[in-house]
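282 is the number that our numbering gives to position 162 of the sequence shown; each next residue is one higher, with no gaps.
Positions of the beta carbon are idealized from the N, C-alpha and C atoms, including for glycine.
These notes are about the structure you will find just below.
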Amino acid sequence: MMRVRPSPCRRTIAVALCAAALAAGTVSAGERPSADARSIAERIRVVKDNGSKPFAIIDKKQARLFVYDAQGKLLGDTAVLLGKARGDASVPGIGERKMAEIKPHERTTPAGRFMSEPGRNLQGEDIVWIDYDAAVSMHRVRANNKAERRLERLATATAADNRISYGCVNVPAAFYDRYVKPSFGNDRALIYVLPETREAETIFAGKPSAS
């Protein structure tokens, strides 16, 4: 059963998605994964940490999402938008707060190994929960606040301007529908979020246990 909650990333009522042409233009650019992302992907394949489930790696330093099938084959990658603040942990209790109560320095995308689950927001939009308790999800990018220039941020070649959300991972709509929804929208799967303030090994050290 899909879980629904009014998290900070989806409390807005209006949902405006990008035009099809622009969304398609931000789908996979075929960017080579970073050394950390390649190392984690190889470790996942070797120890079969994902079991028989598809998985994703989110490289916060690159602001990029890589989606893999259950066998560890890379299906596609895309630029994404992340939490505005740098940091690898969520503030305790942040998932229960109202949007207006979340300070700019608290808007982080947490790092770690997460068992995702499909869900819906209060507007009925399908999303993928990364960390339900912290109200962090992966969803289609929304362009309802023009001042935030979310579509423009996704279209630039640099990751420096991809920090704008309250912590959720914003994905180009076309990529979400083509790769994320089929792989993560029907069942639980694995999402690995690489840290940005410490080495990846501090989170993924040793042989992780499959769930």
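Between the CA atoms of residue j and residue i - distance to the nearest angstrom
{"i": "residue 285", "j": "residue 166", "result": "34 Å"}
{"i": "residue 257", "j": "residue 203", "result": "11 Å"}
{"i": "residue 192", "j": "residue 208", "result": "25 Å"}
{"i": "residue 313", "j": "residue 247", "result": "17 Å"}
{"i": "residue 212", "j": "residue 321", "result": "23 Å"}
{"i": "residue 179", "j": "residue 234", "result": "14 Å"}
{"i": "residue 113", "j": "residue 159", "result": "The displayed coordinates of the chain run from 121 to 331. Any statement about residue 113 would go beyond what the structure contains."}
Residue i classed as buried or exposed, judged by whether at least 16 other C-beta atoms fall within 10 angstroms
{"i": "residue 172", "result": "exposed"}
{"i": "residue 225", "result": "exposed"}
{"i": "residue 315", "result": "buried"}
{"i": "residue 302", "result": "exposed"}
{"i": "residue 306", "result": "exposed"}
{"i": "residue 244", "result": "exposed"}
{"i": "residue 318", "result": "exposed"}
Bridge-paired residues (DSSP) for residue i
{"i": "residue 342", "result": "Lying outside 121 to 331, the shown extent of the chain, residue 342 is not represented and no answer is given."}
{"i": "residue 258", "result": "248, 289"}
{"i": "residue 176", "result": "187, 311"}
Proximal residues to residue i (C-beta, below 7 Å), its chain only, five neighbours per side dropped
{"i": "residue 199", "result": "146, 183, 184, 274, 282"}
{"i": "residue 136", "result": "Low per-residue confidence applies at residue 136: pLDDT is 33, beneath 50, and the placement is therefore not dependable, though the value from the model is reported in the following sentence. Hits under 7 Å: 262, 263, 264."}
{"i": "residue 194", "result": "186, 188"}
{"i": "residue 260", "result": "137, 291, 293, 296"}
{"i": "residue 223", "result": "none"}
Test: residue i CB closer than 7 Å to a CB of chain C
{"i": "residue 161", "result": "Looking at the structure shown, chain C is missing, and only one protein chain is on hand."}
Chain-order list of residues whose beta-carbon lies under 6 Å from that of residue i (same chain, five-residue window excluded)
{"i": "residue 253", "result": "215"}
Proximal residues to residue i (C-beta, below 8 Å), its chain only, five neighbours per side dropped
{"i": "residue 139", "result": "In this predicted model, residue 139 has a pLDDT of only 35, less than 50, meaning its place in the structure is not dependable; the value taken from the coordinates is given anyway. Result list for residue 139: empty, nothing under 8 Å."}
The segment 233 to 243 in contact with the segment 278 to 296 per 3-pair CB rule at 8 Å:
no
The segment 217 to 234 / the segment 293 to 302 touching (three or more Cβ pairs under 8 Å)
no
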